[in-house]
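Presented below is the structure to which this report refers.
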Amino acid sequence: MSEQCPKAEKIGMLEAKLDSVQSSLERLEVMIKANTETRIYQDAFKAGEKSGAKKFMFFIDTVSRVIGVCVVLGFLYAAGSAVGVAEFFTKLINSFK
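Numbering (this note's numbering), first residue to last: 9 to 105.
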């Protein structure tokens with residue numbers, strides 16, 4: 009055949025290379041699809057982690073605010089008690105006069 013057409017061997021080699029490239033392309037497409045599915049799953053998982061972290065931080069923020077309010081109320085109660093005690097002693101001292 010090569011005697012009849014000198015470029016027949018070259019055409020056959022190019023067709024073989026084309027088939028090889030097409031099969032490689034198909035394998036790459038399968039790998040890309042699998043990688044994309046994995047990436048989508050990982051992104052969804054990371055979004056879930058971030059959501060959980062936000063919920064945890066909201067919980068910590070709420071608890072710290074409640075504790076802060078309780079501390080302030082405790083100080084106000086103690087100050088009110090101290091003022092009440094001071095008023096009692098001033099009345100007691102004034103009653104002796």
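Just so it is clear, CB atoms sit at the ideal spot from N, CA and C, and this is done for glycine as well.
Quick caveat, the model's predicted, so the values are computed rather than measured.
DSSP places residue 78 within a helical segment (H, G or I) once states are collapsed to three.
One Cα belongs to residue 58, the other to residue 68, and the distance between them is close to 15 Å. In this structure, the alpha-carbon of residue 78 lies about 28 Å from that of residue 97. Pairing residue 48 with residue 42, the inter-Cα distance amounts to about 10 Å.
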